[in-house]
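Residue numbers (the working numbering): 44 to 297.
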Ligand code: NAD
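The following block contains the structure:
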């Protein structure tokens with residue numbers, strides 16, 4: 044018996060590093076998981092990585108910042124497995140690494156659209172299809188609670204999710220749906236490696252080494268460590284937590 048037995052979970056950004064690691068842990072605990080991503084190739088690869096879970100895992104290609112495609116992935120999940128227990132709004136993009144005075148406006152708009160509008164849409168269309176007592180987890184970042192130079196769009200978007208999470212959490216207490224924010228620090232994966240390559244190019248430093256020296260635990264996270272916090276927030280283990288910010292950052296915010 045697992046702590047997620049028969050729970051229906053949606054993971055956006057489900058073909059990515061944190062998405063797949065979280066799916067693996069939720070599936071191992073008995074969940075049924077719908078992976079949502081805009082990359083069909085990566086979804087196929089994720090499904091292959093998780094094939095030991097058979098029919099308990101499925102996928103749908105969707106741009107999560109688009110209204111019709113959001114309604115589409117919610118409906119496909121409900122048609123397959125009925126109501127949703129866990130909505131993990133996790134898809135995100137980094138944008139560019141430039142000072143605010145040089146930051147491209149189209150990139151700023153795209154980052155806000157993918158990182159903020161997608162979570163708004165997931166809540167707007169997902170909540171009516173959720174079981175009472177369900178859990179919503181929204182992925183922010185260490186830069187959801189701290190500023191950072193050079194990543195103005197990403198930092199703004201991840202801060203915006205704090206307000207979204209808190210307001211939605213207060214709207215759905217009568218249904219005992221819990222809404223929490225997950226704030227990872229730097230993870231050892233290609234998303235963060237790209238951020239660090241960009242930052243290193245802009246600043247002429249080794250950004251990976253710089254992060255490792257700044258993080259009190261002196262290393263990046265493994266995706267599985269972030270997934271552990273996702274499992275906690277998805278399961279009844281966190282039944283008295285809502286409207287909260289959960290750091291998984293190696294102490295960076297201490
Ligand atoms: P990742 O790039 O491996 O995963 C992100 C996934 O989101 C990708 O599979 C991508 O295809 C998908 N995606 C992007 N735009 C989309 C869209 N419009 N519609 C549907 N899918 C879309 O990176 P990750 O590290 O797994 O990131 C997951 C989340 O964690 C992101 O929100 C990211 O901002 C956040 N985060 C990551 C780190 C880190 O160090 N990697 C740190 C803090 C927060």
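For each residue, glycine too, the CB sits at the ideal point set by N, CA and C.
Given residue i, which residues of its chain have a CB within under 7 Å of its CB, disregarding the five upstream and five downstream residues?
i           : result
residue 289 : 223, 224, 225, 226, 272 and 276
residue 70  : 76, 93, 96, 99 and 100
residue 251 : 239
residue 166 : 179 and 211
residue 232 : 60 and 266
residue 112 : 105 and 106
residue 261 : 255
residue 189 : 296
residue 172 : 117, 121, 126 and 127
residue 65  : 54, 131, 270 and 273
residue 135 : 56, 157, 158 and 182
If you drop the 5 nearest sequence neighbours on each side, which residues of the same chain put their C-beta closer than 6 Å to that of residue i?
i           : result
residue 286 : 209 and 212
residue 151 : 196
residue 137 : 197 and 238
residue 145 : none
residue 89  : 58, 63 and 78
residue 241 : 140
For residue i, which beta-bridge partners are listed by DSSP?
i           : result
residue 30  : Outside the shown range of the chain, which is 44 to 297, sits residue 30, and nothing can be said about it.
residue 51  : 75
residue 131 : 54 and 180
residue 230 : 264
residue 70  : For residue 70, which the question treats as bridged, DSSP gives no partner whatsoever.
residue 224 : 181 and 288
Could you give the distance in angstroms between the alpha-carbon of residue i and the alpha-carbon of residue j?
i           : j           : result
residue 62  : residue 55  : 7 Å
residue 235 : residue 103 : 25 Å
residue 125 : residue 51  : 8 Å
residue 217 : residue 53  : 22 Å
residue 106 : residue 168 : 14 Å
residue 206 : residue 268 : 25 Å
residue 86  : residue 133 : 15 Å
residue 60  : residue 270 : 10 Å
residue 176 : residue 219 : 5 Å
residue 49  : residue 73  : 6 Å
residue 153 : residue 249 : 27 Å
residue 81  : residue 291 : 26 Å
residue 149 : residue 184 : 22 Å
residue 91  : residue 83  : 12 Å
residue 294 : residue 110 : 37 Å
residue 129 : residue 263 : 27 Å
residue 139 : residue 44  : 44 Å
residue 67  : residue 131 : 14 Å
residue 259 : residue 229 : 12 Å
residue 284 : residue 123 : 29 Å
residue 174 : residue 243 : 45 Å
residue 108 : residue 215 : 22 Å
For residue i, which residues of its own chain have a beta-carbon under 8 Å away from its beta-carbon, when the five flanking residues on both sides are left out?
i           : result
residue 279 : 46
residue 155 : 196, 199, 200 and 203
residue 143 : 195
residue 192 : 142
Pairs of beta-carbons, one from the segment 114-121 and one from the segment 72-89, closer than 8 Å: are there three or more?
yes
Alpha helix (DSSP H) runs contained entirely in the segment 138-222, provided each spans 4 or more residues:
148-155, 161-169 and 195-214
Is the segment 147-161 in contact with the segment 254-262, if contact means three or more CB pairs nearer than 8 Å?
no
Of all the beta strand (DSSP E) runs that stay within the bounds of the segment 257-297, which reach a length of 3 or more residues?
288-291
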